[in-house]
Amino acid sequence: MSDALPTVFVVDDDPSVLKSFSRLLRSLGWQAETYGSPEEFLRQYDPAAPGCLVLDVAMPGVDGLELQRRLADAGCPLPIVFITGQGDIPTSVRAMRAGALNFLVKPVNDEDLLKAVGEAVEADTAARRAQRDMALVRERLATLTPREREVLDQVVAGKLNKQIAGDLGTVEKTIKVHRAHVMEKMGARSLAELARMGERLGIGAPDTQR
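Remember, the working numbering sits 9 above the position in the sequence shown when you count from 1.
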């Protein structure tokens with residue numbers, strides 16, 4: 010699904026809203042799918058599908074906030090743009106605190122909707138890219154030998170080759186060889202990049218070095 014085009018999923022119990030939103034989005038090249046209820050959306054949505062969710066707040070049965078909660082509980086990262094006809098400030102605060110990217114009041118201005126959708130899709134694209142990058146880094150980490158992992162931990166902690174050699178009971182030349190292997194396996198072009206990888210993986214912190 011990583012090569013799939015982003016889709017704007019619109020969930021609203023008002024058929025006229027679904028029709029107008031989908032027409033607007035498709036006229037500007039967006040892929041759009043519409044659903045008349047959160048239940049219908051949940052039955053059909055594939056979490057691997059990139060894009061964003063344009064979601065009405067007030068709906069019978071499962072409402073927008075409940076759908077937001079269920080998606081969060083399922084670990085679904087789909088960014089949400091809430092739509093409401095109420096202008097309910099407490100509700101909007103709850104939605105934003107729970108991770109919604111935007112909150113628009115009906116009747117929604119076309120430019121505001123398109124801007125919010127664009128920002129949400131960009132956020133989703135960035136998040137999915139970060140997930141893929143992290144998965145690749147973890148795969149590379151798994152290829153290190155136990156000694157290379159020890160060297161990596163020490164390098165990320167900011168220690169010099171001489172210090173690492175003393176800690177591990179070997180010579181500096183050997184540490185240089187291990188470090189070169191670590192950088193090659195991790196795909197790091199510099200020590201700074203290797204350190205950033207380590208920080209993202211949560212290794213190299215002082216309390217992990219004891």
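Positions of the beta carbon are idealized from the N, C-alpha and C atoms, including for glycine.
As the structure is a prediction and not an experimental result, all values here were calculated from the model.
Drop a sphere of 10 angstroms on the beta-carbon of residue i, count the other beta-carbons inside from all chains shown, and report buried for 16 or more, exposed for fewer.
i: Ser101; result: buried
i: Val186; result: exposed
i: Pro88; result: buried
i: Ala151; result: exposed
i: Met143; result: exposed
i: Thr154; result: exposed
i: Pro47; result: buried
i: Gly60; result: buried
i: Leu145; result: exposed
i: Gln163; result: buried
Within the 7 Å Cβ cut-off, does residue i reach chain C?
i: Asn118; result: No chain C appears in the structure shown, which is made up of a single protein chain.
For residue i, which residues of its own chain have a beta-carbon under 7 Å away from its beta-carbon, when the five flanking residues on both sides are left out?
i: Ala197; result: Leu203, Met206
i: Met223; result: Because the chain is modelled from 10 through 219, residue 223 falls outside the range shown and cannot be assessed.
i: Met68; result: Asp22, Ser46, Pro47
i: Arg149; result: Lys194, Met195, Gly196
Measuring straight from C-alpha to C-alpha, what distance separates residue i and residue j?
i: Asp121; j: Phe30; result: 12 Å
i: Ala174; j: Arg147; result: 25 Å
i: Leu4; j: Leu161; result: In this structure the chain extends from 10 to 219, so residue 4 is not present and cannot be described.
i: Asp40; j: Val17; result: The question names Asp, yet the displayed sequence has Gln at residue 40. Their Cα atoms are separated by approximately 6 Å.
i: Arg224; j: Leu51; result: Here the chain covers residues 10 to 219 and nothing more, so residue 224 does not appear.
i: Asp133; j: Val20; result: 18 Å
i: Lys194; j: Arg209; result: 17 Å
i: Val165; j: Gly211; result: 10 Å
Identify, in the order they occur along the chain, each residue of the same chain with its Cβ nearer than 8 Å to the Cβ of residue i, setting aside the five sequence neighbours on each side.
i: Arg78; result: Ala107
i: Glu159; result: Leu177
i: Pro215; result: For Pro215, the predicted structure reports a pLDDT of 47, less than 50, and the residue's modelled location is therefore unreliable. The matter cannot be settled from this model.
i: Leu74; result: Val66, Thr100, Arg103, Ala104, Ala107
Quick one: what's got a C-beta closer than 6 Å to residue i's C-beta in the same chain, skipping five residues either side?
i: Gly94; result: Lys115
i: Ala109; result: Ile89, Phe91
How close, in whole Å, do the beta carbons of residue i and residue j come, if the pair is a contact with beta carbons under 8 Å?
i: Leu113; j: Ala125; result: 6 Å
Would you say residue i touches the ligand ATP, meaning its beta carbon is less than 6 Å from a heavy atom?
i: Ala107; result: The ligand ATP is absent from the structure shown, which contains no ligand whatsoever.
### Query
If you scan the stretch 38–123 from start to end, which runs of the beta strand (DSSP E) of 3 or more residues do you find wholly inside it?
40–44, 60–65, 89–93, 111–114
### Complete alpha helix (DSSP H) runs within the stretch 140–208 (minimum length 4 residues, chain order)
155–165, 170–177, 181–195
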